[in-house]
Amino acid sequence: MFRSVEYYAGDPILGLMDKFSADPNPNKVNLGIGIYYDEEGVLPVLDCVKTAEERIADPISARPYLPMAGLPGHRSACQNLLFGKNAQVLTDGRVATIATLGGSGALKVGAEFIHQWFPQSKYYVSDPTWSNHIAIFEGCDVEVGTYPYYDKASSSIKFDEMIGFFETLNKQDIVLLHPCCHNPTGMDLTKAQWDKVLEVIKQRELIPFMDIAYQGFGEDMDSDAYAIRKAVDMDLILFVSNSYSKNLSLYGERVGGLSVVCPTVEETERVFGQLNFIVRRIYTSPPSHGGRVVDIVMNDDALYQQWVSEVYGMRDRIKAMRLKLKSVLESKLPERSFDYITRQNGMFSFTGLTVEQIEQLQTEFGIYMVSNSRMCVAGLNVNNIDYVANAMVKVLK
Ligand code: PMP
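Using UniProt numbering, read the sequence shown as starting at 1 and increasing by one per residue.
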């Protein structure tokens, strides 16, 4: 009966996590999946989240279905964070936002929408990108291509090639962009480069789809949203998917949002209706718990401030690990440059290690990173960083 069902080899990143868990090596280090671990190597529960959880638990309340679009306070939280509180585009009512099941859910609903309403559009992702950017859209029968982004040899962005490529695209083609903390390379565009990219997008009448999963981990909450806000200032149509998995450390709650910036209020209402309809056809409405946490933390001034400083604490710890890793590697391999480590932003460092070197790190040292050479810097801490740096030195020699 099911013999024709194709075997699923598993997801490379999630599969690596399983392999790590099964490894008996007492010194093992998980630098694979994009999860922030604290200085003790523990997945943190943010203090602002603890307070929100206490409020939710007292008194324990009934659990009705949420609206298809999620809690209004979750939706407005996404809007304020992405576009800026009191942004004109919000007062104008030109952003259709729904709460989603993490950033992945936002991409899925966005991809369904594009498949149905922009069937002629091709969708382009950076080379390389997070693998699910491709899988989710292909899963919705959207044709996927790649645009030049990263040059491994020089550890830098192929900016001119990228611009040249965008200039060849057709009207209403979709370009997936990472406003900050590019996954997997960690290499972000400068503000001037964003201005240029958005200018070409406007000229060619392309549609930007910005996926922001690490807001606050790059520079700060506002700078990380620069590209989004600039696109709005330029009157572009825009899709934005955002995730609270990392910056609220709520991975398993599946909280995020999808926002579509529209030219008019009337179009916003149409789009919002269709987004609701897509949700209804897939899962009816999002779960309530994570949405309530988002609503409470983001809409209470004191908790919001506490949240921002907790995110910056995570950001600063990652930056400190970058500096330390770079200095150990440079002291032991002075003939090589490890400058790229501190030029990259967010959780990841694209190390440029070969598949063989990555394999050696895994089998000899129990150090796990993704086979494309992406290392999750947030898995490093004072206890394991020397071990990792020394192992890297050994495989690089
Ligand atoms: N976009 C990017 C760039 C990501 O790195 C991730 C998570 N790895 C997501 C989206 C998905 O986020 P979530 O886990 O909230 O579904």
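Even for Gly, the Cβ is constructed at its ideal location relative to N, Cα and C.
With H, G and I counted as helix, E and B as strand and the rest as coil, what does DSSP make of residue i?
{"i": "Y36", "result": "coil"}
{"i": "A96", "result": "strand"}
{"i": "N30", "result": "strand"}
{"i": "N372", "result": "coil"}
{"i": "M221", "result": "coil"}
{"i": "F350", "result": "strand"}
{"i": "M1", "result": "coil"}
{"i": "I60", "result": "coil"}
{"i": "N345", "result": "coil"}
{"i": "G257", "result": "strand"}
{"i": "D151", "result": "strand"}
{"i": "I174", "result": "strand"}
{"i": "P44", "result": "coil"}
{"i": "M187", "result": "coil"}
{"i": "P334", "result": "coil"}
{"i": "D339", "result": "coil"}
{"i": "P24", "result": "coil"}
{"i": "D11", "result": "coil"}
{"i": "D211", "result": "strand"}
Keeping to the same chain, check which residues put their C-beta closer than 7 Å to that of residue i; ignore five residues upstream and five downstream.
{"i": "Y244", "result": "L250, V255, G256 and V294"}
{"i": "A111", "result": "I136, F137, C140 and V142"}
{"i": "Q79", "result": "L90, V95, T97 and S259"}
{"i": "M162", "result": "Y147, P148 and Y149"}
{"i": "G145", "result": "K122 and Y124"}
So, is residue i buried or exposed, given that buried needs 16 or more other C-beta atoms within 10 angstroms?
{"i": "K19", "result": "exposed"}
{"i": "A310", "result": "The sequence shown places Glu at residue 310, not Ala. E310 is buried by the Cβ-count criterion."}
{"i": "F2", "result": "exposed"}
{"i": "T264", "result": "exposed"}
{"i": "T234", "result": "The sequence shown places Met at residue 234, rather than the Thr named in the question. It is exposed - the Cβ of M234 has fewer than 16 other Cβ atoms within 10 Å."}
{"i": "V125", "result": "buried"}
{"i": "S288", "result": "buried"}
{"i": "I13", "result": "buried"}
{"i": "A282", "result": "Sequence inspection shows Ile at residue 282; the Ala mentioned does not correspond to that position. Exposed, since its Cβ has fewer than 16 Cβ neighbours within 10 Å."}
Assuming residue i contacts residue j under a Cβ cut-off of 8 Å, what Cβ separation, rounded to an integer in Å, is found between them?
{"i": "L107", "j": "I136", "result": "5 Å"}
{"i": "C180", "j": "Y150", "result": "The Cβ separation is near 15 Å, so there is no contact."}
{"i": "residue 400", "j": "K85", "result": "Since the displayed the chain opens at 1 and closes at 397, residue 400 lies outside it and no answer follows."}
{"i": "M75", "j": "V261", "result": "Sequence inspection shows Arg at residue 75; the Met mentioned does not correspond to that position. Incorrect: roughly 14 Å between the Cβ atoms, too far for contact."}
{"i": "Q203", "j": "F159", "result": "That pair is no contact at about 17 Å."}
{"i": "L333", "j": "L248", "result": "With 8 Å as the limit, L333 and L248 do not qualify as a contact, their Cβ atoms being about 38 Å apart."}
{"i": "I358", "j": "V29", "result": "No, I358 and V29 are not in contact; Cβ-Cβ is about 13 Å, not under 8 Å."}
{"i": "A77", "j": "N299", "result": "6 Å"}
{"i": "Q172", "j": "F118", "result": "6 Å"}
{"i": "L325", "j": "I237", "result": "Contact flag wrong, Cβ pair sits at about 41 Å."}
{"i": "M369", "j": "L31", "result": "5 Å"}
{"i": "Y176", "j": "Y123", "result": "Checking the sequence, you will find Leu at residue 176 rather than Tyr. Between Y123 and L176 the Cβ distance is about 7 Å, and since that is below 8 Å, they are a contact."}
Suppose the cutoff is 6 Å on Cβ atoms and the five residues either side in sequence are ignored; what does the same chain contact list for residue i look like?
{"i": "A52", "result": "V293, I296 and V297"}
{"i": "N345", "result": "C181, G186, D188 and G218"}
{"i": "L71", "result": "G291 and D295"}
{"i": "Y340", "result": "S155"}
Excluding the 5 residues preceding and the 5 following residue i in the sequence, name in chain order all residues of the same chain whose CB lies nearer than 8 Å to its CB.
{"i": "L275", "result": "A69, A96, I98, V109, F113, L258 and V260"}
{"i": "D47", "result": "Q306 and E310"}
Between residue i and ligand 3, is the CB less than 7 Å from at least one heavy atom?
{"i": "H115", "result": "With respect to small molecules bound, the structure shown includes ligand 1 and not ligand 3."}
Threshold first: 4 residues or longer. Then list the alpha helix (DSSP H) segments lying entirely within the segment 68 to 149, N to C.
The segment 68 to 149 contains, as complete alpha helix (DSSP H) runs of 4+ residues, the segments 72 to 83, 88 to 91, 102 to 117 and 131 to 138 (chain order).
Inside the segment 262 to 288 only - alpha helix (DSSP H) runs reaching at least 4 residues
265 to 282
Residue ranges of each alpha helix (DSSP H) run of no fewer than 4 residues wholly in the segment 225 to 253, ordered along the chain?
226 to 233
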